[in-house]
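Take a look at the structure below.
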Amino acid sequence: MDAINLLLKRVSVPRLQEPAPNAEQLEIMLRAALRAPDHGQLCPYRFLTIQGDSRHALGELFVEGLLTTTPDADSALIEKTRAMPLRAPLLVLVIATLTEQHKVPTDEQMITAGCAAHGILLAAQAQGLGAVWRTGPVAQMPSVNQGLGLQANEHVVAYMYLGTPINALRNPPVVDPAPHVQAWPQ
Numbered sequence: 305m306d307a308i309n310l311l312l313k314r315v316s317v318p319r320l321q322e323p324a325p326n327a328e329q330l331e332i333m334l335r336a337a338l339r340a341p342d343h344g345q346l347c348p349y350r351f352l353t354i355q356g357d358s359r360h361a362l363g364e365l366f367v368e369g370l371l372t373t374t375p376d377a378d379s380a381l382i383e384k385t386r387a388m389p390l391r392a393p394l395l396v397l398v399i400a401t402l403t404e405q406h407k408v409p410t411d412e413q414m415i416t417a418g419c420a421a422h423g424i425l426l427a428a429q430a431q432g433l434g435a436v437w438r439t440g441p442v443a444q445m446p447s448v449n450q451g452l453g454l455q456a457n458e459h460v461v462a463y464m465y466l467g468t469p470i471n472a473l474r475n476p477p478v479v480d481p482a483p484h485v486q487a488w489p490q
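Per my numbering, the very first residue in the sequence shown carries number 305; after that it's consecutive.
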């Protein structure tokens, strides 16, 4: 797949199944992530991989976080939350690791971590894999982040769900850039 076609046709693939990306495919995705624009070469990100039974442990961590923030959650919401990590055979968490008091502002470091996540998405699709970037409330739950080993200067940027697409990839709509662009000064 050529680069322009990939950029214009990338889509989220929420319905995923085994097999998970193999070690070589995952390495390519991570190498693509490491090419994110990075002012100051801080590499303000790190990655956690979660697969196999570790996905069940993550589901329990999600439930713990849910019950901390929503103690009256009903059983349907608890089970839905528990099953979230099982939506794909492999999860890669993209974590921003921010350096305070640096010439590169922390918001720029967060953007770099987001670009790293985007690199994973693009490299997954380029290899014929499916990927969907999710965050949601679990990305902001202190008990979940603590259970994942995040430090005070770290933030979850993406729960990247990766696997083999169940369905054929959809064709994304063609979007006209004109409404999103204006010349300055006007």
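Positions of the beta carbon are idealized from the N, C-alpha and C atoms, including for glycine.
Should V367 be labelled buried (16 or more other beta-carbon atoms within 10 Å of its own) or exposed?
Here the question's residue 367 lines up with position 63 in the sequence shown. By the neighbour-count rule (16 or more Cβ atoms within 10 Å), V367 is buried.
Quick one, which of F351, A482, N475 has its alpha-carbon nearest A421's?
Translated into positions along the sequence shown, residue 421 becomes position 117. Here the closest residue by C-alpha is F351.
What beta strand (DSSP E) runs, 3 residues minimum, are completely inside the region 339-411?
349-355, 394-401
Same chain only: Cβ atoms within 6 Å of S316, ignoring 5 sequence neighbours per side:
As a first step, residue 316 is located in the sequence shown; it is residue number 12 there, counting from the start. Closer than 6 Å at the Cβ level, and outside the excluded window around S316, lie V436.
Taking only three categories from DSSP, how would you classify A287?
No statement about residue 287 is possible, as the shown extent of the chain runs from 305 to 490 and does not include it.
Three-state class that DSSP yields for Q321 in the structure shown
Counting from one through the sequence shown, the residue named residue 321 turns up at place 17. If DSSP states are grouped into helix, strand and coil, Q321 belongs with the strands.
With a cut-off of 8 Å on the beta carbons, I'd call V460 and L397 a contact; round off their distance for me.
Counted from its first residue, the sequence shown places residue 460 at position 156. Counted from its first residue, the sequence shown places residue 397 at position 93. At roughly 6 Å, the Cβ-Cβ gap stays under 8 Å, so V460 and L397 are in contact.
Indicate the three-state DSSP secondary structure (helix, strand or coil) for L466 in the structure shown.
For this step, residue 466 is matched to residue 162 along the sequence shown. Three-state result, L466: strand.
Thinking C-beta only, is R339 closer than 7 Å to G423?
As a first step, residue 423 is located in the sequence shown; it is residue number 119 there, counting from the start. As a first step, residue 339 is located in the sequence shown; it is residue number 35 there, counting from the start. It is a contact, given that the beta carbons lie within the stated cut-off.
List the endpoints of the continuous alpha helix (DSSP H) containing V448.
Within the sequence shown, the letter at position 144 stands for residue 448. Here the alpha helix (DSSP H) through V448 covers 446-451.
Assess, as a yes-or-no matter, whether the region 440-456 is touched by the region 466-475 under the definition of 3 or more beta carbon pairs within less than 8 Å.
no
With 16 other CB atoms within 10 Å as the buried threshold, where does P375 fall?
The residue labelled residue 375 in the question sits at position 71 within the sequence shown. The residue is exposed, with fewer than 16 neighbouring Cβ atoms inside 10 Å.
Counting along the chain, where does the beta strand (DSSP E) carrying A337 start and finish?
Position 33 of the sequence shown, counting from 1, holds the residue named residue 337. Run containing A337: none in the beta strand (DSSP E); it sits in the alpha helix (DSSP H), 327-337.
What is the C-beta distance between P393 and A324, in whole angstroms, given that I count them as a contact (C-beta under 8 Å)?
Walking along the sequence shown from the start, residue 393 turns up at place 89. Walking along the sequence shown from the start, residue 324 turns up at place 20. The Cβ separation is near 4 Å, so the contact holds.
Separation of S379 from A337, as counted between CA atoms:
Position 33 of the sequence shown, counted from the first residue, corresponds to residue 337. Position 75 of the sequence shown, counted from the first residue, corresponds to residue 379. Whole-angstrom Cα-Cα distance: 38 Å.
Does the beta-carbon of D357 have 16 or more other beta-carbons within 10 angstroms, so that it is buried, or is it exposed?
Here residue 357 is taken as the residue at index 53 of the sequence shown, counted from 1. So D357 counts as exposed.
Following the continuous beta strand (DSSP E) through A435, name the residue where it begins and the one where it ends.
In the sequence shown, residue 435 corresponds to position 131, counting from 1. Start and end: 434-438.
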